[in-house]
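Peer 1:
Quick look at the structure:
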């Protein structure tokens with residue numbers, strides 16, 4: 001169940017943020033379908049041997065963003081409807097994601113063409129996967 | 136609200152020693168957090184731990200647990216603290232079962248069933264003499280006993296020292312479960328920095344008796360980076376590193392291909408300006424693990440001291 005939810009402590013991205021991003025990625029790709037249960041905070045913390053407070057922080061942000069919903073006594077699930085971000089929020093998320101990727105591309109010396117091509121291919125892949133439900 | 140642990144201006148000086156072992160340390164650990172105390176051998180970790188357990192009288196300053204002075208109210212406060220010592224020192228001729236029975240008379244909230252439940256999970260025999268157990272088993276018995284009193288504060292003094300990978304994983308697993316179930320506050324000293332990196336919220340680093348770092352782990356990891364770049368401004372290696380003036384460089388090394396530096400105040404914008412500087416070529420920044428940060432900070436010569 002925690003497949004695809006691994007974290008890398010040596011990454012500069014905080015662990016809770018890695019969890020948040022991984023869940024978003026799994027939801028975006030359709031690997032986690034609307035309504036699907038996600039591992040409990042305790043189980044995921046144990047699987048990854050990380051502080052449960054770290055997992056809880058990542059989940060909390062996802063609940064606030066509407067990606068996950070908590071059903072009392074049942075657990076945590078992927079929301080039935082994809083979250084609608086407020087426009088300002090959406091712009092901010094896109095902008096900061098783009099900046100991070102651009103910084104990475106420049107640091108490792110990728111050409112603009114190479115960097116843009118990869119974004120397009122990733123977008124295409126995610127959209128096809130969502131539509132076709134390819135695993 | 137004040138923290139579970141409040142250390143204020145704690146000074147410890149052992150007789151005849153010219154420089155104090157701990158120099159006015161102050162730190163605070165909020166309820167439910169996991170605080171990792173790091174430092175090389177001889178940095179003062181053990182003295183701080185002894186003060187927190189009321190085993191060492193501060194020369195000046197205070198250790199406050201749950202709002203009360205440890206040195207004055209040791210017996211009462213220790214009932215709320217579970218301890219896993221570096222070297223588990225239970226009597227070798229007693230079994231875990233006998234140790235639990237003994238401790239149940241000392242702690243008002245002793246939960247014997249939970250002790251045996253944990254020992255079963257750890258696959259450690261309850262009826263083997265403590266002295267005949269392996270090092271890993273001793274650590275796990277110590278942990279089961281430390282949790283038997285349902286402590287509000289768990290103090291782990293390098294609990295995984297000398298344990299193999301499987302025993303370490305079992306130990307941290309149990310700790311994760313404990314944190315998830317009860318949100319116990321934890322103070323942890325450890326040499327296993329990759330274990331600490333996943334578990335700690337906050338990190339303190341002692342060096343030569345001083346607390347040189349006391350910071351949230353996320354913030355700490357956010358401001359340290361390794362920079363690598365070639366310098367085409369000067370041919371003279373002695374002048375390398377000057378271009379780093381906008382950063383606090385903890386360490387600068389000149390390599391064959393250029394310069395490698397560890398900086399402690401990284402920022403994306405500052406780095407973009409740096410990379411665009413004349414003479415700076417192929418600049419790249421990479422994140423550091425807690426272990427690398429520790430080596431960079433703890434390994435740096437501290438001014439005015441020789442230890």
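Protein chains in written order, with my numbering: chain U, 1 to 135; chain D, 136 to 442. Backbone N, C-alpha and C fix where the C-beta goes; we use that ideal spot for every residue, glycine too.
Let's test the definition: count the other Cβ atoms within 10 Å of the Cβ of residue 404/D and tell me whether it reaches 16, buried, or not, exposed.
Peer 2: Along the second chain, one-based indexing puts residue 404/D at 269. Label assigned to residue 404/D: exposed.
Peer 1: Is it right to say residue 108/U is buried, meaning 16 or more other beta carbons lie within 10 angstroms of its own, or is it exposed?
Peer 2: Working through the first chain from its first residue, we reach residue 108/U at position 108. Exposed, since its Cβ has fewer than 16 Cβ neighbours within 10 Å.
Peer 1: So residue 218/D and residue 281/D are supposed to be a Cβ contact under 8 angstroms. How far apart are they, rounded?
Peer 2: Here residue 218/D refers to the residue found at position 83 of the second chain. Here residue 281/D refers to the residue found at position 146 of the second chain. At roughly 6 angstroms, the Cβ-Cβ gap stays under 8 angstroms, so residue 218/D and residue 281/D are in contact.
Peer 1: Please list, in chain order, the residues of the stretch 401 to 429 of chain D that have any C-beta partner in chain U closer than 7 angstroms.
Peer 2: Flagged, chain order: 403, 419, 420, 422, 424.
Peer 1: At a CB-CB cut-off below 7 angstroms, which residues of chain D make contact with residue 72/U?
Peer 2: Counted from its first residue, the first chain places residue 72/U at position 72. Chain D residues near residue 72/U: none, gap ~18 angstroms exceeds 7 angstroms.
Peer 1: By alpha-carbon positions, which one of 21/U, 72/U, 54/U ends up nearest to residue 351/D?
Peer 2: To locate residue 351/D, count along the second chain from 1; it is residue 216. It is 54/U whose Cα lies nearest to the Cα of residue 351/D.
Peer 1: What first and last residue would you give for the beta strand (DSSP E) that runs through residue 351/D?
Peer 2: In the second chain, the residue the question calls residue 351/D occupies position 216. 345 to 351 is the span of the beta strand (DSSP E), which, as asked, contains residue 351/D.
Peer 1: Give the DSSP bridge partners of residue 363/D, in chain order.
Peer 2: As a first step, residue 363/D is located in the second chain; it is residue number 228 there, counting from the start. Residue 363/D pairs with 395/D, 419/D.
Peer 1: What is the residue span of the alpha helix (DSSP H) that residue 180/D lies within?
Peer 2: Along the second chain, one-based indexing puts residue 180/D at 45. It spans 180 to 187 - the alpha helix (DSSP H) in which residue 180/D sits, taken as one unbroken run.
Peer 1: Considering only the alpha carbon of each residue, which of 160/D, 138/D, 152/D lies closest to residue 146/D?
Peer 2: Taking the first residue of the second chain as 1, we reach residue 146/D at position 11. The option with the nearest alpha carbon to residue 146/D is 160/D.
Peer 1: Taking 7 angstroms as the limit between beta carbons, can you name the residues of its chain near residue 52/U, skipping five residues before and five after?
Peer 2: To locate residue 52/U, count along the first chain from 1; it is residue 52. Answer for residue 52/U: 41, 42, 45, listed in chain order.
Peer 1: Which residues, in order along the stretch 17 to 45 of chain U, keep a beta-carbon less than 7 angstroms from a beta-carbon of chain D?
Peer 2: Within the stretch 17 to 45 of chain U, the residues whose Cβ lies closer than 7 angstroms to some Cβ of chain D are 41, 42, 45, listed in chain order.
Peer 1: Is residue 48/U closer than 8 angstroms to residue 6/U when the C-beta atoms are compared?
Peer 2: Position 6 of the first chain, counted from the first residue, corresponds to residue 6/U. Position 48 of the first chain, counted from the first residue, corresponds to residue 48/U. The answer is yes: Cβ separation under 8 angstroms.
Peer 1: Should residue 120/U go down as buried or exposed, given a rule of 16 or more other Cβ atoms within 10 Å for buried?
Peer 2: In the first chain, residue 120/U corresponds to position 120, counting from 1. Exposed, by the Cβ-count rule.
Peer 1: What residues from chain U crowd round residue 138/D, counting only those whose CB sits closer than 7 angstroms?
Peer 2: Here residue 138/D refers to the residue found at position 3 when the second chain is read from its first residue. Within 7 angstroms Cβ-Cβ: nothing; residue 138/D doesn't reach chain U, min ~15 angstroms.
Peer 1: Does any C-beta atom of chain U lie closer than 8 angstroms to the C-beta of residue 312/D?
Peer 2: Numbered from 1 along the second chain, position 177 holds the residue referred to as residue 312/D. Closer than 8 angstroms: yes.
Peer 1: Near residue 323/D, what residues of its chain come up, given a Cβ to Cβ distance below 6 angstroms and the 5 sequence neighbours on each side ignored?
Peer 2: As a position in the second chain, residue 323/D is number 188, starting the count at 1. The residues are 171, 291.
Peer 1: For the stretch 146 to 176 of chain D, which residues have a beta carbon sitting closer than 9 angstroms to at least one beta carbon of chain U?
Peer 2: Cβ contacts with chain U: 167, 168, 169.
Peer 1: From residue 355/D to residue 249/D, what does the alpha carbon distance come to, in whole angstroms?
Peer 2: To locate residue 355/D, count along the second chain from 1; it is residue 220. To locate residue 249/D, count along the second chain from 1; it is residue 114. The straight-line gap from Cα to Cα measures roughly 37 angstroms.
Peer 1: Mind pulling the chain D residues with CB within less than 9 angstroms of residue 102/U?
Peer 2: Mapped onto the first chain, residue 102/U falls at position 102. Going along chain D, no residue has its Cβ under 9 angstroms from residue 102/U, so there is no contact; the nearest lies around 11 angstroms.
Peer 1: How is the alpha helix (DSSP H) around residue 339/D delimited, first residue to last?
Peer 2: Stepping through the second chain from its first residue, residue 339/D is reached at position 204. It is not in any alpha helix (DSSP H) - residue 339/D instead sits in the beta strand (DSSP E) that spans 337 to 342.
Peer 1: Smallest Cα separation from residue 162/D: which of 266/D, 139/D, 190/D?
Peer 2: Taking the first residue of the second chain as position 1, residue 162/D is located at position 27. Measuring from the Cα of residue 162/D, the nearest candidate turns out to be 139/D.
Peer 1: Return no unless some Cβ of chain U is closer than 8 angstroms to the Cβ of residue 393/D.
Peer 2: What you label residue 393/D is simply residue 258 of the second chain in a count that begins at 1. No, its Cβ sits nowhere closer than 8 angstroms to a Cβ of chain U.
Peer 1: What are the start and end residues of each continuous beta strand (DSSP E) run of 3 or more residues lying completely inside the stretch 138 to 173 of chain D, in chain order?
Peer 2: Within the stretch 138 to 173 of chain D, the complete beta strand (DSSP E) runs of at least 3 residues are 140 to 147, 157 to 164.
Peer 1: Taking 8 angstroms as the threshold (beta carbon to beta carbon), is residue 114/U in contact with chain D?
Peer 2: Stepping through the first chain from its first residue, residue 114/U is reached at position 114. False, the Cβ-Cβ gap to chain D never drops below 8 angstroms.
Peer 1: By the criterion of Cβ-Cβ separation under 9 angstroms, what are the contact partners of residue 110/U in chain D?
Peer 2: Here residue 110/U corresponds to residue number 110 of the first chain, with the count starting at 1. Those do not exist, as residue 110/U stays about 12 angstroms from chain D at its closest Cβ, beyond 9 angstroms.
Peer 1: Below 8 angstroms on C-beta distance, what does residue 5/U contact in chain D?
Peer 2: Here residue 5/U refers to the residue found at position 5 when the first chain is read from its first residue. In chain order: nothing, as chain D lies at least about 14 angstroms away.
Peer 1: Between 302/D, 314/D, 260/D, which has its C-alpha nearest residue 286/D's C-alpha?
Peer 2: As a first step, residue 286/D is located in the second chain; it is residue number 151 there, counting from the start. Comparing Cα positions, the closest option is 314/D.
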